[in-house]
Amino acid sequence: MAGIPQPGFRRHQGKAEDTRHLRRPQSLRPGRGARAGPGVFPHRKEVLKAPDTSKARVLVVGDVMLDRYWFGEVSRISPEAPVPVVLIDHEDERLGGAANVAWNCKELNARIRLLSVVGRDEPGERLEKLLKGKGIEASLHRDRGLHTTQKLRVIGRKQQLLRIDFEKPPSSEVLASKLEEFKQALADCDVVILSDYGKGGLAHIAEMIRSARRAGKRVLVDPKGDDYSRYKGASILTPNLAELREVVGSWHDEKDLGRRAQALREKLDLEALLLTRGGDGMTLYRRGGAVGIKAEARDVFDVTGAGDTVIAALAVMLAAGVGLENAVRIANRAGGIVVGKLGTAAASYQELFGKG
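For the sequence shown, our numbering assigns the number 13 to the initial residue and increments by one for each residue that follows.
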């Protein structure tokens, strides 16, 4: 299959394609970091032992989508309109959105359950088969009136020529059914990831957060849009610089940024706010101060969707009992591994810790 990254880390096998121009860069960019020996992770002057993630249970809820790619050659300009004619020679399809987050968790040996909504259509069936092929337990509620979110990209001469989106918000009845299943699933998870892509699948996110917190579960949210009040009471939010700026406005300097980030964290009653900062790494804002973490990457081929890997790795490490700051450092390294790949964009347990 062609090496085009999924949305979100949103990751591929087979034939390599240079995909740096295809998707907007996400939150993690190149930096320098130490290499870890087998079974350890560099942490200042200390090392972190590889945690046992086989019993870590993560519930992923959010907007799933199917990423499709049509690859071909541009041979001429159409006589019908001033547009290129692309002769398609191969196709590819990938897990996107919350489905991709779930796959990233799975690559770290965690026990995953995915909860989402799809339509009664061919893209929904393909998503179900792809998830099954990855060994991911998925409960996909079917909505007859819903078009499963699908992004079709036409690629010619290693450039994205066109993207066609298919999407429609799910019905209130299906969302209510999903909410009830979510509440029941809380007993069998350690950490919850709410992956918000603004497609309507998390209409009840505020109630989900309240239910999860009442059940004593940590809730990690990958936010979307400028209304963060819906995420009040979550444990950790993971915005990137552009997303945070949309909510708190522009800042004058690092001190001003810190004030704005901490004010938002307090307003939303968060345990922490993890800001991903491209080539500058990450900053973890929590009660009592902030911790800066440099980006880790050796060779950078593709920065697409690093945010998905970061939140997935963070959730799995927390579910495995790793402390917050160390979990963030491991998630940072996972992102560094992914941006050093071309196409395949998930960091495996073996890559992180040198053993499986």
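We put the beta carbon where it would ideally sit given N, CA and C, even for glycine.
All of these numbers come straight from a predicted model, not from anything done at the bench.
Asked, Found
"Who does A199 pair with in a DSSP beta bridge?", "DSSP output for A199 lists no bridge partner at all."
"By the DSSP assignment, the alpha helix (DSSP H) with D268 in it spans what residues?", "266-279"
"Going by beta carbon distance, what residues of the same chain come within less than 6 Å of R156, once the five residues before and after it are set aside?", "R132"
"Is A224 near L187, with beta carbons less than 8 Å apart?", "no"
"Are the region 84-98 and the region 117-137 touching by the rule of at least three beta carbon pairs closer than 8 Å?", "no"
"Look up G348 in the DSSP assignment and say whether it is helix, strand or coil.", "helix"
"To the nearest angstrom, report how far apart K118 and I89 are at their CA atoms.", "44 Å"
"Within this structure, are the beta carbons of A272 and L285 separated by less than 8 Å?", "Reading off the sequence, residue 272 comes out as Arg, not Ala. No; because the gap between Cβ atoms is not below 8 Å, this pair is not in contact."
"Using a 10 Å radius around the Cβ and a threshold of 16 neighbouring Cβ atoms, would you call H153 buried or exposed?", "buried"
"Looking only at its own chain, which residues have a Cβ that is under 6 Å from the Cβ of V86, when we skip the five neighbours before and after it?", "P96, V98, G168, R169"
"Exposed or buried, what is A275 when buried is set at 16 or more other beta-carbons lying within 10 Å of its beta-carbon?", "exposed"
"Which value, in whole angstroms, describes the spacing of the CA atoms of L206 and A111?", "11 Å"
"Check whether the Cβ atoms of G319 and K306 lie closer than 8 Å to each other.", "no"
"Expressed to the nearest angstrom, what Euclidean distance is found between the alpha-carbon atoms of A246 and K279?", "11 Å"
"Ignore the nearest five residues each way along the sequence and tell me which others in G84's own chain have a CB closer than 6 Å to its CB.", "V98, L99, I100, D101, G168"
"CA-CA distance, E149 and L143?", "8 Å"
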